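Numbering (the working numbering), first residue to last: 1 to 518.
Positions of the beta carbon are idealized from the N, C-alpha and C atoms, including for glycine.
None of the values given here were measured: they were computed from a predicted structure.
Accompanying notes for the structure given below.
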Ligand code: BES
Ligand code: ZN
Ligand code: ZN
């Protein structure tokens with residue numbers, strides 16, 4: 001999408017569609033909804049006054065109302081977009097509202113949308129302080145860009161319904177505020193492009209996106225943004241003695257890919273990297289298709305296991321944005337990619353494998369493969385000098401049972417790191433719910449014959465058993481584990497986003513990395 005920020009009165013915007021946000025300012029549970037527009041333009045307020053007075057439009061989140069030839073405005077259409085209750089309005093609603101505007105335009109074949117930057121009297125000053133304009137403009141651009149994507153590239157008769165141009169209109173007279181809006185705008189474009197990059201990867205079918213192809217795409221992306229990328233395969237896994245990762249890969253004709261992306265912050269002339277500066281390790285599960293292996297999955301829904309590389313996708317997307325936003329912290333992305341297949345050469349239940357760390361693992365179920373590849377990925381990241389680790393993985397069905405599809409499961413062995421991540425998530429607007437991984441759960445992964453087993457002793461707390469397994473390989477290194485199994489793919493569309501790959505965690509991981517910037 002071509003995007004620009006315009007300084008003008010919304011009423012003067014010559015656009016096929018002008019979108020303006022509305023909130024419900026009614027106070028009290030039983031009060032009738034009272035929509036109010038978030039604009040300082042009297043002409044826009046007047047144009048919508050009559051229809052708003054009918055009470056037909058309630059300003060619920062994502063609700064839209066379309067007016068043609070609105071009186072007193074230069075725009076061909078006026079789209080009023082609900083953001084929900086004024087008292088609960090946050091940056092996240094603005095992200096979704098901007099998305100709803102773009103998605104309302106698409107089926108109409110409207111190619112250009114102008115969105116009025118939320119400015120207003122309908123909110124108290126106190127409330128406005130919680131909504132800094134940098135974050136508002138960033139969220140607005142993110143929401144619009146994320147909404148533009150539809151996952152119909154494999155349809156031969158697809159209609160082009162793209163919105164090609166987006167302008168954000170503000171009447172802001174203060175120069176410094178304008179600069180803040182522009183800054184948020186620029187950041188939003190980078191963040192959304194990264195998240196959309198991830199979504200494109202996750203959408204790809206398993207026959208297209210093999211581990212090798214994932215490596216190629218990561219390398220191409222890294223070349224584009226100017227960071228180092230190495231893609232290794234079987235020989236390197238053997239050299240590094242990554243017995244757990246290699247075991248998962250051995251049943252497939254597709255060779256595995258160990259992808260290492262390195263971002264080094266640029267130092268000023270004469271500046272040296274601070275002693276003891278953090279080095280962040282971003283480790284992603286990249287199973288390009290998970291059949292379950294010899295412990296094969298049922299046919300029902302197996303096609304969805306193409307998205308079992310969403311953790312890897314998130315890390316690759318986050319590295320893209322990091323390379324462009326340039327925080328002053330070193331970040332290493334490690335992706336362990338393989339295809340989990342049943343075969344004459346496949347690993348089997350009962351096999352004992354030795355991980356890179358030297359620990360031995362009894363494989364009880366070959367469908368618990370994600371933790372095996374991550375075990376070696378996490379350990380490897382430590383050997384590369386990472387002082388803080390984060391991993392993202394579509395790791396367990398149990399996490400989906402526990403938290404559903406709205407909250408990502410979060411585990412951590414370190415309070416400060418968890419706090420930093422939680423603060424980052426406040427900016428990103430993504431939802432995480434912490435689950436325990438205290439040592440008393442270690443019992444779950446005890447093995448009769450090896451250092452540990454790759455599944456819990458029973459079905460209970462399956463997401464925790466998986467986290468406990470990973471914890472064995474991070475040791476004392478501060479670490480956050482994100483189980484994104486329930487959130488990486490949306491089965492249903494929302495007014496602000498198409499169904500399909502979500503790109504979850506990209507924004508939070510990026511923000512977490514930025515929070516370590518020196
Ligand atoms: N990739 C799956 C987890 C998954 C489930 C992702 C649903 C997305 C949606 C993972 O590899 C897996 O199969 N886990 C098993 C572990 C079990 C065998 C201990 C599971 O969750 O059933
Ligand atoms: Zn599996
Ligand atoms: Zn899996």
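Selected residue, minimal CA-CA separation from residue i, among the options
i, options, result
"residue 102", "148, 136 and 85", "148"
"residue 321", "477, 227, 335 and 441", "227"
"residue 377", "389, 306 and 366", "389"
"residue 100", "114, 70 and 63", "63"
"residue 135", "414, 329, 57 and 426", "426"
"residue 87", "130, 198 and 56", "130"
"residue 400", "58, 468, 511 and 488", "488"
"residue 6", "205, 142, 493 and 117", "117"
"residue 520", "268, 495, 466 and 450", "Any answer about residue 520 is impossible in this case: the structure gives the chain only from 1 up to 518."
"residue 265", "37, 334, 323 and 397", "323"
"residue 482", "261, 464 and 71", "464"
"residue 26", "458, 20 and 59", "59"
"residue 209", "337, 97 and 250", "337"
Any non-hydrogen atom of ligand 3 closer than 7 Å to residue i Cβ
i, result
"residue 287", "yes"
Ligand 2 heavy atom lying under 7 Å from the CB of residue i
i, result
"residue 490", "no"
"residue 340", "yes"
"residue 284", "no"
"residue 292", "yes"
Own chain residues within Cβ distance below 7 Å of residue i, not counting five before or after
i, result
"residue 73", "11, 18, 43, 44 and 47"
"residue 491", "499"
"residue 369", "248, 287, 290, 293 and 340"
"residue 420", "512 and 515"
"residue 442", "468"
Nonlocal neighbours in the same chain, by C-beta distance under 8 Å from residue i, ignoring five residues either side
i, result
"residue 158", "152"
"residue 382", "281, 389, 474, 475 and 477"
"residue 349", "294, 295, 363, 364, 365 and 366"
Close Cβ partners of residue i (< 6 Å) along its chain, the five nearest in sequence each way excluded
i, result
"residue 240", "356"
"residue 412", "418 and 480"
"residue 16", "76, 110 and 112"
"residue 234", "255"
"residue 514", "327"
"residue 433", "403 and 407"
"residue 9", "41 and 171"
Beta carbon proximity, residue i to chain D, threshold 8 Å
i, result
"residue 115", "Here there is only one protein chain, and chain D is not present."
- request: When you get a sec, list the residues whose CB is within less than 5 Å of any heavy atom of ligand 5, chain order please.
  value: Ligands displayed in this structure: ligand 1, ligand 2 and ligand 3; ligand 5 is not among them.
message: Is it the case that the stretch 145-165 contacts the stretch 290-301, given that we only count it when at least three CB pairs across the two stretches are under 8 Å?
response: no
The stretch 93-109 / the stretch 66-82 touching (three or more Cβ pairs under 8 Å): Using a C-beta cut-off of 8 Å, the stretch 93-109 makes contact with the stretch 66-82, since at least three inter-stretch Cβ pairs fall below that distance.
task: Output the residue ranges of the beta strand (DSSP E) runs that lie fully inside the stretch 200-281 and measure 3 residues or longer, sorted by chain position.
output: Here the runs fully enclosed are 228-232 and 257-263.
task: Could you name each continuous beta strand (DSSP E) segment of 3 residues or more that falls completely within the stretch 283-365, going from the start of the chain to the end?
output: Runs of the beta strand (DSSP E) inside the stretch 283-365: 330-340, 352-354 and 360-362.
- request: Could you tell me whether the stretch 346-359 touches the stretch 235-252, using the rule of 3 or more Cβ pairs below 8 Å?
  value: yes
query: Along the chain, which unbroken stretches of the beta strand (DSSP E) at least 3 residues long are found entirely within the stretch 410-446?
result: Taking only runs of at least 3 residues, the beta strand (DSSP E) segments lying wholly in the stretch 410-446 are 432-434.
- request: Report yes or no: do the stretch 222-237 and the stretch 177-187 share at least 3 C-beta pairs separated by less than 8 Å?
  value: Between the stretch 222-237 and the stretch 177-187, the count of C-beta pairs closer than 8 Å stays below three; the two stretches do not touch.
query: Taking contact to mean at least 3 C-beta pairs separated by less than 8 Å, is the stretch 389-400 in contact with the stretch 273-285?
result: yes
- prompt: Which whole runs of the alpha helix (DSSP H) in the stretch 110-165 are 4 residues long or more, in chain order?
  reply: 125-129 and 133-148
- prompt: Is the stretch 471-479 in contact with the stretch 115-134, if contact means three or more CB pairs nearer than 8 Å?
  reply: no
- prompt: Which full runs of the alpha helix (DSSP H) of 4+ residues lie inside the stretch 14-55, going along the chain?
  reply: DSSP runs (the alpha helix (DSSP H)) wholly in the stretch 14-55: 42-53.
- prompt: If we count Cβ pairs, one from each stretch, closer than 8 Å, do we get three or more for the stretch 271-278 versus the stretch 171-180?
  reply: no
- prompt: Do the stretch 22-41 and the stretch 185-193 make contact, defined as three or more Cβ pairs closer than 8 Å?
  reply: no
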